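The sequence shown begins at 1 in full-length UniProt numbering and counts up by one. Here is the structure we will look at.
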Amino acid sequence: MSYLASGEAENFCCIIQSCDSSFVKDHFGTESSNQLGKYLLNESIDKSDMHPAESEEVESLKENWISNTRFMNKHWNRMKGLLPPLKEKPQNSTLEESLSTSETKWPWEDAMKDKVAFQEMLHEAELAVKSAEMFLPSFKESLVRITKIVSKETKDLDQSLSESKMDIESLRNEVIQKEKHILDLSVQLQQEKANVQKTYRHSEAIQTVQIHLQSQVEKKEEENNQLRAKFQTMEKNIAEWKRQVGEYKQNILAEKKRKVERRNALKRAVVVQKQRAENMKVVVENLFSKIKEKEIQLSEAFSASNIWKSHHEIIIEEKVKLEVQVETLKKQTTDLVMDLSRIEEDERKSVNKIIQKINFVASENKKISTENSRLKASLADLEANFITEEAELENLHKQVHQQEELVEQYKIEVAKLEVKAEEMRTRYEKIMHDSRTITEGRDLERDAMKSQTEAHQKEVEYARGLQKAAEEKLQKDQESLLSCQKSCVEKSKAIRELQAQINHSDEFLKQLSLEEENYNIQLKYEEVKRKLEEIELQNKELENQLVNQEDSLQKTELQFKQKLTEYDALARQLEAALEDGRKQLTEELGKINSKEQSFQLKILDLENELREKKKEKKELSKRLENVSRPFFFNIKTLDVCTVIA
């Protein structure tokens with residue numbers, strides 16, 4: 001086996017180093033020989049304006065380079081493996097010693113096997129070196145020319161590179177910023193998609209709730225329509241009641257006028273009766289004077305005693321009749337007193353009943369006032385709940401992530417509102433029932449008052465009849481007195497006629513009879529006075545009763561008016577509360593719809609922004625590719641120039 005000498009090894013190392021320097025890889029992963037070939041091809045294409053001699057030299061260089069590169073590429077890998085140990089060995093040592101050392105770490109068996117192939121490779125390399133030495137002078141001249149051209153171009157390329165680097169850095173920064181923005185947008189998109197899904201689910205739930213609420217609203221509208229119909233019927237009934245009240249007022253005014261007329265008539269009758277009593281007093285005084293005269297005359301009429309006895313018996317019979325009449329009058333007065341006591345007891349009972357009813361109405365008014373206060377408190381709570389709902393809806397705009405909790409709270413509040421609406425409805429029904437009961441009680445009170453007034457009217461008419469009967473009896477008594485006077489006159493005439501006949505007979509009997517007659521007449525006069533005084537007292541009591549009844553009627557009318565105003569105010573408050581609830585429901589539904597629309601619009605805007613940013617990203621990528629192509633090409637050319645230099 002033949003071994004290489006030290007000089008041959010040196011030459012071989014130089015050749016391998018030159019090959020190694022010519023076959024250094026760039027950062028793009030392509031060999032410099034291939035780059036030089038590509039450079040020559042590009043120069044032949046791009047520099048078609050060069051001198052023809054230069055173009056011929058470039059073509060010859062290209063052909064020689066291609067033939068050499070084919071050979072070099074075949075044995076490059078194996079020569080590169082042998083290069084480091086050959087560099088480290090000294091000049092005096094042989095290849096066999098270098099292979100035998102432990103530092104090379106080359107397997108001896110593999111070296112022996114590859115020895116023949118390596119010698120052939122060296123032979124081929126020497127041939128290639130000789131062929132390369134043939135075209136090196138021309139290649140150097142062309143390189144000098146090319147270096148001059150390339151130096152100029154490198155300056156321009158440096159400037160363009162610096163500018164392109166600045167542009168690329170700015171573009172990279174923009175790309176980084178936009179990528180960050182795109183990432184943020186993608187995160188927002190994902191969040192918004194999740195939120196959209198959540199909102200879609202919530203919207204479905206809200207739609208179900210809306211459907212349920214709409215059904216409830218329809219039911220409530222039906223109930224409101226029914227309530228409106230009831231209100232209309234109530235208004236009609238109230239109008240009828242007002243008309244009836246007007247009629248009752250007119251009747252009361254007419255009755256008041258009648259009562260005034262009756263009072264005036266009673267006053268006139270009392271005045272007339274007083275005048276009659278005075279006249280009776282005058283008549284009685286005259287009778288006393290006449291009786292005295294008659295006593296004088298009777299003292300002279302002893303002669304006609306028998307005739308007088310007969311007349312005396314007739315007078316006794318008349319006295320009996322008068323006593324019977326007096327007893328009947330006493331019975332009538334006792335009956336009148338009993339009737340008056342009954343009337344007073346009935347009036348007391350009616351007054352007690354009216355007081356009880358007034359107390360019951362006052363208690364009902366207190367209950368209604370407490371219910372009104374509760375309703376006001378519930379309305380205040382509703383207003384507070386609506387204020388909190390508005391605050392929560394404003395927070396929804398700021399905090400989209402908390403939408404689920406807010407929707408759940410809204411559902412809970414809607415349930416509370418439904419419960420409150422049902423409570424309001426039940427309270428309204430209770431109030432309507434109470435108002436109906438009160439109106440029915442008022443109707444019953446009116447009927448009772450009517451019956452009482454009719455009974456009072458009947459009693460007054462009965463008292464008037466009794467008064468008329470008493471007046472008739474007084475007239476009869478006056479007529480009887482006149483008849484007595486006439487009979488007395490006739491008797492006086494008879495006595496005068498008999499005075500001549502009777503002188504001193506039966507004086508004691510005459511005196512006794514006259515005293516008895518005077519005593520009886522005085523008793524009758526006192527009884528008549530008592531009856532007149534009792535009738536006056538009865539008239540006064542009836543007047544007082546009428547005044548009290550008028551006052552009670554006025555009070556009941558005022559209470560009725562107050563209750564009507566209170567019920568009207570309650571009905572208005574209920575209508576206002578219902579209208580407020582409807583308005584609030586419509587406002588909340590409108591807010592929910594507007595929020596859903598705003599969310600949908602935001603989603604559409606974000607999708608459009610994503611599309612636009614994707615388009616911008618694509619455009620930037622295209623711009624980067626367009627900018628990077630000449631930049632990479634220039635870098636490759638610079639690398640080739642540096643390798644050639």
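C-beta atoms are modelled at their ideal positions from N, C-alpha and C, and glycine is treated no differently. The structure displayed is predicted, hence computed values, not measured ones.
Are there 16 or more other CB atoms within 10 angstroms of the CB of residue i, so buried, or fewer, so exposed?
i: Ile211; result: exposed
i: Lys531; result: buried
i: Ile146; result: buried
i: Asn225; result: exposed
i: Leu253; result: exposed
i: Asn195; result: buried
i: Phe599; result: buried
i: Leu558; result: exposed
i: Glu625; result: exposed
i: Glu235; result: exposed
i: Gln250; result: exposed
i: Leu523; result: exposed
i: Glu588; result: buried
i: Lys219; result: exposed
i: Lys148; result: exposed
i: Leu570; result: buried
i: Gln356; result: exposed
i: Gln119; result: exposed
i: Gln244; result: exposed
i: Lys615; result: exposed
i: Lys259; result: buried
i: Gln232; result: exposed
i: Gln538; result: buried
Residue j and residue i - do their beta-carbons sit closer together than 8 Å?
i: Lys617; j: Lys178; result: yes
i: Leu185; j: Lys613; result: yes
i: residue 699; j: Val175; result: Because residue 699 is not part of the residues shown, which for the chain are 1 to 645, the question remains open.
i: Glu550; j: Lys256; result: yes
Assuming residue i and residue j are in contact, meaning their beta carbons sit under 8 Å apart, how far apart are those beta carbons, in whole angstroms?
i: Ala606; j: Leu183; result: Looking at the sequence itself, residue 606 is Leu, so the reference to Ala does not match. Between Leu183 and Leu606 the Cβ distance is about 14 Å, and since that is not below 8 Å, they are no contact.
i: Glu536; j: Arg263; result: So it is not a contact: roughly 14 Å between Cβ atoms.
Helix, strand or coil for residue i, going by three-state DSSP, please let me know.
i: Lys555; result: helix
i: Leu40; result: Caution applies to Leu40, whose pLDDT of 48 falls short of 50 and renders its modelled position unreliable; the model cannot decide the point.
Give a single yes or no on whether residue i has its beta carbon closer than 7 Å to a heavy atom of the ligand NAP.
i: Ala576; result: Judged by which ligands are present, the structure shown has none, so any question about the ligand NAP falls away.
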